[in-house]
Every structure is written in structure tokens, then in C-alpha cells.
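One structure below.
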Ligand SMILES: CC/C=C\CC/C=C/CC(=O)SCCNC(=O)CCNC(=O)[C@H](O)C(C)(C)COP(=O)(O)OP(=O)(O)OC[C@H]1O[C@@H](n2cnc3c(N)ncnc32)[C@H](O)[C@@H]1OP(=O)(O)O
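Numbering (the working numbering), first residue to last: 592 to 872.
What follows is the structure, encoded as C-alpha cells:
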């Protein structure tokens, strides 16, 4: 259920009222600028916006609502000063029940498909680190603006996970075959500057304010264009990839279940979690 709060200023705030797990407040917040028609979608699962089953379901619902609201553009960002999105919630992969794991993966596929196939223009405002699923969210957007001094990449192989074909393709479309192949296999994390150099992001910004300005500039380029022609062209470019993913989705889920339920993977994951904790010491 979406709640619309009318502000005296031009900013209308839409808030989803729903139970949140780790965050205070809604898991996804949307602010709509009534003058431009641009919606800022704020991922709000503290501390690092890791993608749990329920969080992904909220992202999917939010995009559905934005499609119905006929917005003119979306900016995807985070309230954190350090993390855009830390990827899949690794706890979803620690000795999971098979049913839950299947649902998690299905929601990850749907999150990708929903964001990738929006009729409206989309910008990722990457104001923090974006490993793995965080990079996936950024890759679904048409345009990426990243603040300096963070890292982004598909580091799944470093965790013992294979990068699924649909995500490999998205990476290939963004940075080209050669860069994508090496980056996916190695699980490379790129600095903001390196990401700009290979085309993984389109622009850098010194801070979130500058990034927001640049995001609006990108969306403004479509101000005088027919929304129909724009979105029809986008969907002609992207729909086949979405259909390909959907056709092969059960095989993809079977592969992930086999990967994650494997005892070697579980041992590696335990070591990875320990290394995250040790970094803090
Ligand atoms: C087959 C799959 C292929 C592709 C499909 C896409 C799916 C991909 C799978 C994934 O996404 S796996 C997840 C990969 N993510 C990571 O490897 C990120 C790990 N995290 C970090 O590197 C860092 O936490 C950070 C750079 C994101 C942020 O650093 P910092 O600001 O210093 O925060 P902390 O490290 O102290 O983290 C705070 C808190 O959050 C926990 N946490 C971090 N990441 C995750 C996560 N992905 N899932 C769940 N929880 C996470 C971390 O352990 C800390 O918890 P404490 O209880 O110790 O406070």
C-alpha cells in the first residue's frame, strides 16, 4: 500500500508503509518531484542495503507503482554515506532452506527484470560501494553516476558464486565483451575512477549533490521527447534479454541452489563472513 503525503513545497513524498526488518522506516522510500515528474527511489535497508527476499519484493512493488504513476524518470540511490548496496544479503545464503533460496533467487531475477525493463528513464546515483548485487542494480539503469572514492563490480566469483548469464550479458552490453569477461571471471572490484575508464559508470561526481544535479541533467535530455518513442525503443532494445532470462530462469535457479547448497561453498562463505568481521579489527 502506497501512502501519498502532500507537502506544501513542490516535493511530494510517497512512502510505503510496511514492516521493515533491519531499518527504521520503510525499506524503500520514494520522493516524487511534482514539477519534473522525476522520482527518487531511496533504498533504505540499514546498515548496507543488502538484498533480502523481502527487500527485493519491495523494490519490485515500488517499480510497479512508479509505472502506474506515469513518472518521467527515476533516480535510484541510498541514504548511506558509504554504501549504495552491498549486494545480496549473504545471510540468505548461509545454510538456507531450499525453498527460501529459490524464492530469493527468483526475486533477484525479477528485481533485475523489473528495473531493466522500465518504460521510464533510469539513473543509478551510486553514492557508495556497489559490490555484486549492488552493481547489478546499477547496471539495470540506463545511466550511472558514481561518487568518487568507492568501489563497484561483480565480485561473485570471489565469493564462490558463478555470475548468471543474464547478468553477464548486462555487463557485456555496458563495458564490452573483453572487459566483461575478465571482470566477471576475476570478480574485479573497480574504483570509481577505473569504473569510469571502462564505461561501467558514465560520470563521476564529487558528492551526492553534484551527482543529483547530473542525474537530473540526464533525465532532462528526454524532456521534449515523446515518452512513447523513447520507451518503445528502450524496450525493443532490452525486452529480448528479459525474455531470455525468463525462459531459462528455472535452470538458473537450479544452478544457484546446487552452487549454494554445496558444502565447499558453505565453508568458503563462512570464511568470507569471518574476513568481513576481521577487517574491522
Ligand atoms: C551467482 C550470483 C551471481 C550474480 C548475481 C548477483 C548476486 C550476487 C550475490 C551477492 O550479491 S553476494 C554479496 C556480495 N557482497 C559483498 O561481498 C559485500 C560485502 N560487504 C562489504 O564489502 C562491506 O560490508 C561494504 C564495502 C559493503 C561496506 O563496508 P563498511 O561500510 O565498512 O561496513 P561493514 O563492512 O562494517 O558492514 C556493516 C554490517 O553489514 C554487514 N554486511 C555487509 N555486507 C553484507 C551483505 N552483503 N549481506 C549481509 N550483511 C552484510 C557486515 O557484516 C556488518 O555487519 P556487523 O554485524 O558486523 O555490523
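We put the CB at the ideal spot given by N, CA and C, even for glycine.
Model, not experiment: these values are computed from the prediction.
Secondary structure of residue 618 (DSSP, three-state): coil. Taking 7 Å as the cut-off, the beta carbon of residue 680 is found closer than this to the beta carbon of residue 641. Around the beta-carbon of residue 712, 16 or more other beta-carbon atoms lie within 10 Å, marking it buried. If you draw a straight line from the Cα of residue 798 to the Cα of residue 740, it is about 10 Å long. For residue 710, the CB contacts under 8 Å within the same chain, skipping 5 residues up- and downstream, are 658, 818, 822, 825 and 826 in chain order. In this structure, residue 743 and residue 714 do not form a Cβ contact; the two beta carbons are roughly 15 Å apart against a cut-off of 8 Å. Setting aside the 5 residues that flank it on each side, residue 615 is surrounded in the same chain by 637, each with a C-beta closer than 8 Å to its C-beta; the list follows chain order.
A Cβ-Cβ distance of about 26 Å is found for the pair residue 792 and residue 696, leaving them out of contact under the 8 Å criterion. Residue 714 has its Cβ no nearer than 6 Å to any heavy atom of ligand 1.
Pairing residue 684 with residue 787, the inter-Cα distance amounts to about 31 Å. In this structure, the C-beta of residue 774 stays at least 6 Å away from each heavy atom of ligand 1.
Spatial neighbours of residue 760 in its own chain (CB-CB distance under 7 Å, excluding positions within 5 residues in sequence) are listed in chain order as 832.
Around residue 692, the same chain offers 683, 684, 847, 848, 851 and 852 as residues with beta carbons nearer than 8 Å, after the five sequence neighbours per side are excluded.
Within the segment 775-799, the complete beta strand (DSSP E) runs of at least 3 residues fall at 794-796. At least one heavy atom of ligand 1 is found less than 6 Å from the C-beta of residue 680. Nearest C-alpha to residue 841 among 755, 624, 871 and 656: 755. Remark: the shortest separation between the CB of residue 634 and any heavy atom of ligand 1 does not fall under 6 Å. Distance from the CA atom of residue 651 to the CA atom of residue 747, rounded to whole angstroms, is 23 Å.
For residue 816, the secondary structure class from DSSP, reduced to helix, strand or coil, is coil.
Contact between residue 674 and residue 720 holds: their C-beta atoms lie close to 5 Å from each other, under 8 Å. For the beta strand (DSSP E) assignment, the uninterrupted runs of no fewer than 3 residues enclosed by the segment 702-760 are, from N- to C-terminal side, 713-717, 734-738 and 742-744. As the crow flies, the alpha-carbon of residue 627 is around 37 Å from that of residue 779.
Between residue 668 and residue 635, the gap from beta carbon to beta carbon reaches 7 Å or more. With a cutoff of 6 Å, residue 804 does not count as near ligand 1, since its C-beta is closer than that to no heavy atom of the ligand. When the beta-carbon positions are compared, residue 774 and residue 725 stay at least 7 Å from each other.
Per DSSP, reduced to three states, the secondary structure at residue 859 is helical. The three-state secondary structure of residue 680, taken from DSSP, is coil. When DSSP states are grouped into helix, strand and coil, residue 847 belongs to the helix group.
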